[in-house]
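These notes concern the structure reproduced below.
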Amino acid sequence: MEVLQTVFWSSASSRHGLAHRLSFSRSKANGLIAGLLDQGLVEEAGLQASSGGRRAETLQLAGGLGVVLGADLGATSLDVAVMRPDLSVIARHAEEADVRAGPGVVLARVRELMRQLLAGCGLTARQVIAVGLGVPGPVDFERGQLVEPPLMPEWDSFSIRDYLAEAFGAPVFVDNDVNLMALGELWRLQRGLPNFLVIKVGTGIGCGIVCHGEVYRGANGSAGDVGHICVDQAGPRCHCGNLGCVEAMAAAPAISRMAVDAAGSGGSAALAEALRQNGRLTAVDVGQASRNGDAAANAIIQRAGSLIGQMLASVVNFFNPSHVFIGGGVTQIGPLFLASVRQSIYHRSLALSTRHLEIQYTPLGAQAGLVGTGVLAMQEALRLAAARAGAPAMPRAQGTAGRRAEAFQ
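The letter at position 383 of the sequence shown is residue 376 when you use my numbering, and the numbering goes up by one with no holes.
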């Protein structure tokens, strides 16, 4: 089980590479890998680039193990995929959705899409190893339930895990969407960065925290809920009930409101024209106007970026990460937003905290959350199998699921 977990987290590993990562002798590693190959749990996936000698075989989890299902729910969208154990995507579907419609409506659609994608691939529910789901709200990871989510109150304490497990007979794991973005980036990096942050700026604002190579969820699963940090005590009332939260002042809805105000006051002809044509203004419209040189759009983006940077400066001073990755729909605004966030962080943070700090958009982009759902499903299924076998398991985050990954029995 320890070798399987290491293969999963080590993209394009060779026998020698795995032996080094596990601190095993070559003979021990070769013996274990040979056994896994014979059992059909690991497969060879082609030769690696030559480093001067015989080219090594690349190892990966066997495709015959089954598939994982992932669903990344945003406040206004859903993205569903069927993935192999190495997280390569077999089938994917994305569409608009409104989480305020409630769990019955939204999860019924998620379940239907998962079934359709499986059928389209010629697969059945029995081949599903595990299901991973990301949701835009605070999650009790142990129970797999949302807890008083501000954006989706009807979901409070709804048993997402039981609802989906009934359909697929596989373990279901639920986490906050930005935690899964962080998990996706951690997998991309093969745990190469032990301490970093992932910020999602969309309808809301959240933060995924990777500490010592693991996603940190806090005592009850609410770590990283930075959108409700106050940046102006005289600011507007947030949907959480408090005044001046950064989410109420700089997330996508706030950017849209500022754009409508600028269009209505005559401050921006470009935004006024976009409003006339579309009947509404989005952060993307603001970004387009900014790229065309609109001064009001530039000012809106700089204000939003500055407020988010103000909030992040406090987090950076407290946590001292090596990297801050920024994702979410607002990143479509363009480079001015990132520059404004950076300027605010560097201006307000301590010199030691930012000496080697890198701030950039998420390399996985819009796929980060969906990749994270696959990582969550596969990682936790391997941990369940390791626990059943009494084998050493990798350090785990808080929580477990009560069902078994049938494919690993």
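Glycine included, each C-beta is placed from N, C-alpha and C at the ideal position.
Return the Cβ separation of residue i and residue j in integer angstroms, given the expectation that the two are a contact with Cβ distance under 8 angstroms.
{"i": "G321", "j": "G195", "result": "4 angstroms"}
{"i": "L126", "j": "V99", "result": "Rounded, the Cβ-Cβ distance is 11 angstroms, inconsistent with contact."}
{"i": "Q303", "j": "L329", "result": "Actually they are not in contact, since the Cβ atoms of Q303 and L329 sit about 17 angstroms apart, beyond 8 angstroms."}
{"i": "R93", "j": "M174", "result": "Contact flag wrong, Cβ pair sits at about 22 angstroms."}
{"i": "N172", "j": "R210", "result": "7 angstroms"}
{"i": "A68", "j": "P131", "result": "A68 to P131, Cβ: 14 angstroms. No contact."}
{"i": "M264", "j": "A289", "result": "Here residue 264 turns out to be Leu, not Met, going by the sequence shown. At roughly 6 angstroms, the Cβ-Cβ gap stays under 8 angstroms, so L264 and A289 are in contact."}
{"i": "F134", "j": "M371", "result": "Actually they do not touch by this definition, with Cβ atoms about 16 angstroms apart."}
{"i": "A87", "j": "V121", "result": "With a Cβ gap of about 20 angstroms, A87 and V121 do not count as contacting."}
{"i": "L176", "j": "V124", "result": "That belief does not hold up - the Cβ atoms of L176 and V124 are roughly 15 angstroms apart, past 8 angstroms."}
{"i": "L190", "j": "V323", "result": "Between V323 and L190 the Cβ distance is about 16 angstroms, and since that is not below 8 angstroms, they are no contact."}
{"i": "A74", "j": "R85", "result": "4 angstroms"}
{"i": "I352", "j": "R335", "result": "5 angstroms"}
Under DSSP, the beta strand (DSSP E) around residue i begins and ends at which residues?
{"i": "T69", "result": "Per DSSP, T69 belongs to no beta strand (DSSP E) and is neither H nor E."}
{"i": "E207", "result": "207 to 209"}
{"i": "A123", "result": "121 to 128"}
{"i": "Q183", "result": "Per DSSP, Q183 belongs to no beta strand (DSSP E) and is neither H nor E."}
{"i": "A55", "result": "Here A55 belongs to no beta strand (DSSP E), and DSSP marks it neither H nor E."}
{"i": "V191", "result": "189 to 194"}
{"i": "F166", "result": "165 to 169"}
{"i": "R85", "result": "82 to 89"}
Tell me whether residue i is buried or exposed, calling it buried when 16 or more other Cβ atoms sit within 10 Å of its Cβ.
{"i": "D287", "result": "buried"}
{"i": "Q109", "result": "exposed"}
{"i": "T97", "result": "According to the sequence provided, residue 97 is Gly. The question's Thr does not apply to it. Classification of G97: exposed, given that the 10 Å Cβ count is below 16."}
{"i": "L417", "result": "Summary: the structure shown does not reach residue 417, with the chain confined to residues -6 through 402, and so no result is reported for it."}
{"i": "C114", "result": "exposed"}
{"i": "S283", "result": "buried"}
{"i": "H221", "result": "buried"}
{"i": "N169", "result": "buried"}
{"i": "A400", "result": "With a pLDDT of only 41 at A400, under the threshold of 50, the placement of this residue in the model should not be trusted; the figure read from the coordinates follows. By the neighbour-count rule (16 or more Cβ atoms within 10 Å), A400 is buried."}
{"i": "R218", "result": "Strictly speaking, residue 218 in this sequence is Asp, with Arg absent from that position. Result: buried."}
{"i": "K193", "result": "buried"}
{"i": "L11", "result": "buried"}
{"i": "E178", "result": "buried"}
{"i": "R154", "result": "buried"}
{"i": "A255", "result": "buried"}
{"i": "S337", "result": "buried"}
{"i": "E373", "result": "buried"}
{"i": "Q270", "result": "exposed"}
{"i": "G59", "result": "buried"}
{"i": "G395", "result": "Interpretation of G395 is limited by its pLDDT of 32, a score under 50 that renders its predicted location unreliable; the figure taken from the coordinates is listed afterwards. Classification for G395: exposed."}
{"i": "R389", "result": "Summary for R389: the model assigns pLDDT 42, below 50, so the residue's position carries little reliability; its value from the coordinates is reported in the next sentence. Exposed, since its Cβ has fewer than 16 Cβ neighbours within 10 Å."}
{"i": "S416", "result": "For the chain, the structure presents residues -6 to 402; residue 416 sits outside this window and is missing."}
{"i": "D72", "result": "buried"}
{"i": "T(-1)", "result": "buried"}
What are the boundary residues of the alpha helix (DSSP H) that includes residue i?
{"i": "I222", "result": "Where I222 is concerned, there is no enclosing alpha helix (DSSP H), given that its DSSP letter is neither H nor E."}
{"i": "A112", "result": "96 to 113"}
{"i": "E159", "result": "153 to 161"}
{"i": "G201", "result": "That residue, G201, is in no alpha helix (DSSP H); its beta strand (DSSP E) goes 198 to 204."}
{"i": "V140", "result": "First-last for V140: undefined, no H or E at that position."}
{"i": "F17", "result": "Segment: none, F17 is in no alpha helix (DSSP H) and carries neither H nor E."}
{"i": "E(-5)", "result": "-5 to 2"}
Is residue i near the ligand GDP, judged by its Cβ being under 8 angstroms from some heavy atom?
{"i": "V124", "result": "The model depicted lacks the ligand GDP and carries no ligand whatsoever."}
The region 55 to 68 touching the region 30 to 40, judged by at least three CB pairs closer than 8 angstroms
yes
Between the region 243 to 252 and the region 199 to 213, are three or more C-beta pairs nearer than 8 angstroms?
no
How do the region 61 to 75 and the region 352 to 371 stand: do at least 3 beta-carbon pairs fall below 8 angstroms, yes or no?
yes
So within the region 288 to 361, which uninterrupted alpha helix (DSSP H) runs reach at least 4 residues, ignoring any that extend past its ends?
288 to 312, 328 to 341, 344 to 347
When you compare the region 177 to 185 with the region 131 to 142, are there three or more beta-carbon pairs, one atom per stretch, that lie closer than 8 angstroms?
no
Does the region -5 to 6 touch the region 16 to 30, meaning 3 or more C-beta pairs lie closer than 8 angstroms?
yes
Validate contact between the region 270 to 277 and the region 303 to 319 using beta carbons, cut 8 angstroms, 3 pairs:
no
Every unbroken alpha helix (DSSP H) within the region 206 to 286, with a cutoff of 4 residues, ordered by chain
239 to 243, 245 to 257, 262 to 271, 276 to 284
Count the C-beta pairs between the region 341 to 349 and the region 298 to 314 that are closer than 8 angstroms, then say yes if the count reaches three, no if not.
yes
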